[in-house]
Amino acid sequence: MTIPRSGRALRQVYPAGAEEKILAELEDEILAYQRDSDQFRDSNAAFEATCTPVQLIKDLMETLGLTGSDLPEIGDKTAVSKVLSGDRPISHKMAYALAERFAMEPSAFLSAAPAKATPIQTVRPTAKKTSTHYRFPSDSLTAHPVGEASTGEYKAVTPKGCRKTVEDPEKG
1 MTIPRSGRAL
11 RQVYPAGAEE
21 KILAELEDEI
31 LAYQRDSDQF
41 RDSNAAFEAT
51 CTPVQLIKDL
61 METLGLTGSD
71 LPEIGDKTAV
81 SKVLSGDRPI
91 SHKMAYALAE
101 RFAMEPSAFL
111 SAAPAKATPI
121 QTVRPTAKKT
131 STHYRFPSDS
141 LTAHPVGEAS
151 TGEYKAVTPK
161 GCRKTVEDPE
171 KG
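What follows is the structure, encoded as C-alpha coordinates:
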(Lines of atoms letter the chains of each structure in order from A and count residues from 1; the text may use other names and numbers.)
(Lines give C-alpha, C1' and ligand atoms only; values in the text may rest on other atoms or scores of the structure.)
Protein backbone atom coordinates (compact mmCIF):
# COMPACT_ATOMS: atom_id res chain seq x y z
CA MET A 1 0.00 0.00 0.00
CA THR A 2 1.30 3.42 -0.86
CA ILE A 3 1.03 6.29 1.58
CA PRO A 4 -0.92 9.21 0.13
CA ARG A 5 1.12 12.44 0.14
CA SER A 6 -1.55 14.98 -0.70
CA GLY A 7 -4.91 15.86 0.77
CA ARG A 8 -6.64 14.88 -2.45
CA ALA A 9 -5.17 11.38 -2.34
CA LEU A 10 -6.03 11.11 1.38
CA ARG A 11 -9.69 11.86 0.62
CA GLN A 12 -9.70 9.04 -1.90
CA VAL A 13 -8.42 6.54 0.70
CA TYR A 14 -10.64 7.60 3.64
CA PRO A 15 -14.35 8.45 3.42
CA ALA A 16 -15.62 11.94 4.32
CA GLY A 17 -15.61 12.63 8.07
CA ALA A 18 -13.14 9.85 8.82
CA GLU A 19 -10.30 12.33 9.34
CA GLU A 20 -12.07 14.01 12.26
CA LYS A 21 -12.87 10.64 13.81
CA ILE A 22 -9.26 9.48 13.51
CA LEU A 23 -7.95 12.75 14.97
CA ALA A 24 -10.40 12.57 17.88
CA GLU A 25 -9.37 8.98 18.66
CA LEU A 26 -5.70 9.91 18.40
CA GLU A 27 -6.20 12.86 20.74
CA ASP A 28 -7.98 10.63 23.29
CA GLU A 29 -5.12 8.12 23.17
CA ILE A 30 -2.48 10.81 23.64
CA LEU A 31 -4.34 12.34 26.58
CA ALA A 32 -4.82 8.92 28.20
CA TYR A 33 -1.11 8.21 27.78
CA GLN A 34 -0.15 11.55 29.33
CA ARG A 35 -2.56 11.02 32.21
CA ASP A 36 -1.66 7.40 33.02
CA SER A 37 2.00 7.13 32.06
CA ASP A 38 4.66 6.94 34.77
CA GLN A 39 6.70 9.34 32.70
CA PHE A 40 4.10 12.12 33.09
CA ARG A 41 2.63 11.24 36.52
CA ASP A 42 5.29 13.09 38.55
CA SER A 43 5.25 16.20 36.38
CA ASN A 44 1.44 16.27 36.39
CA ALA A 45 1.35 16.04 40.20
CA ALA A 46 3.93 18.82 40.53
CA PHE A 47 1.97 21.00 38.12
CA GLU A 48 -1.33 20.44 39.93
CA ALA A 49 0.28 21.22 43.29
CA THR A 50 1.63 24.58 42.11
CA CYS A 51 -1.17 25.66 39.80
CA THR A 52 -3.51 28.03 41.61
CA PRO A 53 -6.41 29.82 39.92
CA VAL A 54 -4.48 33.10 40.04
CA GLN A 55 -1.40 31.44 38.54
CA LEU A 56 -3.59 29.93 35.82
CA ILE A 57 -4.94 33.37 34.90
CA LYS A 58 -1.40 34.81 34.87
CA ASP A 59 -0.20 31.97 32.62
CA LEU A 60 -3.14 32.43 30.23
CA MET A 61 -2.49 36.17 30.09
CA GLU A 62 1.20 35.61 29.34
CA THR A 63 0.57 32.89 26.76
CA LEU A 64 -2.13 34.83 24.91
CA GLY A 65 -0.50 38.25 25.34
CA LEU A 66 -3.39 39.69 27.36
CA THR A 67 -3.38 42.66 29.73
CA GLY A 68 -5.64 43.50 32.65
CA SER A 69 -7.95 45.50 30.42
CA ASP A 70 -8.40 42.43 28.18
CA LEU A 71 -10.25 40.54 30.94
CA PRO A 72 -13.68 42.16 31.31
CA GLU A 73 -14.86 38.86 32.83
CA ILE A 74 -13.08 39.90 36.04
CA GLY A 75 -13.80 43.61 35.86
CA ASP A 76 -11.81 46.75 35.16
CA LYS A 77 -8.00 46.94 35.35
CA THR A 78 -8.11 47.67 39.10
CA ALA A 79 -10.26 44.61 39.80
CA VAL A 80 -7.97 42.42 37.68
CA SER A 81 -4.94 43.76 39.56
CA LYS A 82 -6.56 42.97 42.92
CA VAL A 83 -7.44 39.43 41.80
CA LEU A 84 -3.93 38.80 40.47
CA SER A 85 -2.33 40.08 43.69
CA GLY A 86 -4.64 37.90 45.80
CA ASP A 87 -6.37 40.84 47.51
CA ARG A 88 -9.71 39.92 45.95
CA PRO A 89 -11.08 36.38 45.54
CA ILE A 90 -12.35 35.05 42.23
CA SER A 91 -16.14 34.96 42.43
CA HIS A 92 -18.26 32.19 40.94
CA LYS A 93 -19.54 34.63 38.32
CA MET A 94 -15.96 35.47 37.29
CA ALA A 95 -14.99 31.79 37.24
CA TYR A 96 -17.88 30.84 34.96
CA ALA A 97 -17.16 33.77 32.62
CA LEU A 98 -13.44 32.90 32.45
CA ALA A 99 -14.24 29.22 31.91
CA GLU A 100 -16.53 30.06 29.01
CA ARG A 101 -13.97 32.37 27.42
CA PHE A 102 -11.02 29.96 27.72
CA ALA A 103 -13.07 26.76 27.15
CA MET A 104 -12.16 25.28 30.54
CA GLU A 105 -13.96 23.97 33.59
CA PRO A 106 -15.11 26.70 36.05
CA SER A 107 -13.52 24.75 38.91
CA ALA A 108 -10.09 25.53 37.43
CA PHE A 109 -10.64 29.17 38.40
CA LEU A 110 -11.97 28.48 41.90
CA SER A 111 -9.81 27.65 44.88
CA ALA A 112 -10.79 25.79 48.02
CA ALA A 113 -9.29 28.46 50.25
CA PRO A 114 -9.23 32.23 49.94
CA ALA A 115 -6.21 33.73 48.20
CA LYS A 116 -4.82 35.45 51.28
CA ALA A 117 -6.26 33.55 54.21
CA THR A 118 -5.47 35.00 57.61
CA PRO A 119 -5.33 32.32 60.28
CA ILE A 120 -7.89 32.95 62.99
CA GLN A 121 -6.86 31.99 66.47
CA THR A 122 -9.42 31.70 69.23
CA VAL A 123 -8.15 32.54 72.69
CA ARG A 124 -10.31 31.25 75.50
CA PRO A 125 -9.83 32.35 79.11
CA THR A 126 -8.63 29.65 81.42
CA ALA A 127 -10.96 28.82 84.26
CA LYS A 128 -9.70 27.81 87.68
CA LYS A 129 -12.10 25.73 89.71
CA THR A 130 -12.33 26.46 93.38
CA SER A 131 -14.46 24.17 95.50
CA THR A 132 -17.79 24.77 93.70
CA HIS A 133 -17.24 27.94 91.66
CA TYR A 134 -15.33 28.77 88.53
CA ARG A 135 -13.14 31.83 88.66
CA PHE A 136 -12.00 33.67 85.52
CA PRO A 137 -8.88 35.80 85.76
CA SER A 138 -9.59 39.41 84.90
CA ASP A 139 -7.53 42.57 85.10
CA SER A 140 -10.42 44.98 85.43
CA LEU A 141 -13.38 44.31 87.68
CA THR A 142 -16.44 46.50 88.02
CA ALA A 143 -17.29 47.02 91.69
CA HIS A 144 -20.76 47.86 92.99
CA PRO A 145 -21.48 48.60 96.67
CA VAL A 146 -23.39 45.90 98.54
CA GLY A 147 -25.84 46.84 101.28
CA GLU A 148 -24.77 49.71 103.51
CA ALA A 149 -21.75 51.78 102.62
CA SER A 150 -20.26 51.23 106.09
CA THR A 151 -19.88 47.45 105.67
CA GLY A 152 -16.94 47.88 103.29
CA GLU A 153 -18.08 45.08 100.96
CA TYR A 154 -18.34 45.44 97.20
CA LYS A 155 -19.66 43.06 94.59
CA ALA A 156 -17.26 42.69 91.64
CA VAL A 157 -18.60 41.65 88.24
CA THR A 158 -16.25 39.73 85.96
CA PRO A 159 -16.56 39.87 82.16
CA LYS A 160 -18.38 36.51 82.01
CA GLY A 161 -21.06 37.68 84.42
CA CYS A 162 -19.64 35.82 87.44
CA ARG A 163 -20.03 37.79 90.66
CA LYS A 164 -17.89 37.64 93.74
CA THR A 165 -17.76 39.66 96.92
CA VAL A 166 -14.51 41.39 97.84
CA GLU A 167 -13.37 43.41 100.82
CA ASP A 168 -12.79 47.14 100.40
CA PRO A 169 -8.99 47.51 100.50
CA GLU A 170 -9.26 50.93 102.20
CA LYS A 171 -11.46 49.64 105.06
CA GLY A 172 -9.06 46.73 105.66
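Just so you know, full-length UniProt numbering puts 99 at position 99 of the sequence shown, and the rest follows in order with no gaps. Note that beta-carbon positions come from the ideal geometry of N, C-alpha and C, so glycine has one too.
Have a look at Asp76, Val83 and Gly17 and flag the residue whose alpha-carbon is nearest the alpha-carbon of Pro53.
Start at 1 with the first residue of the sequence shown, and residue 53 comes out as number 53. Residue Val83 is the option with its Cα nearest to Pro53.
Could you give the residue range of the alpha helix (DSSP H) that holds Ile22?
The residue you call residue 22 lines up with position 22 of the sequence shown. Start and end: Ala18 to Asp36.
Endpoints, alpha helix (DSSP H) assigned at Ala99:
On the sequence shown, residue 99 is found 99 positions in, with the first residue counted as 1. Residues His92 to Phe102.
Euclidean distance between Cα positions of Leu23 and Ala32:
Position 23 of the sequence shown holds residue 23. Position 32 of the sequence shown holds residue 32. When rounded, the distance between both Cα atoms is 14 Å.
8 Å Cβ cutoff met for Glu73 and Leu98:
Here residue 73 refers to the residue found at position 73 of the sequence shown. Here residue 98 refers to the residue found at position 98 of the sequence shown. Yes, they are a contact pair.
On the three-state DSSP scale, how would you describe Gln68?
Within the sequence shown, the letter at position 68 stands for residue 68. The residue asked about is misnamed: residue 68 is Gly in this sequence, not Gln. Correct three-state label for Gly68: helix.
Given this structure, state the Cα-to-Cα distance separating His92 from Gln34, to the nearest angstrom.
As a first step, residue 92 must be located in the sequence shown, where it is residue number 92. As a first step, residue 34 must be located in the sequence shown, where it is residue number 34. Approximately 30 Å between the Cα atoms of the pair.
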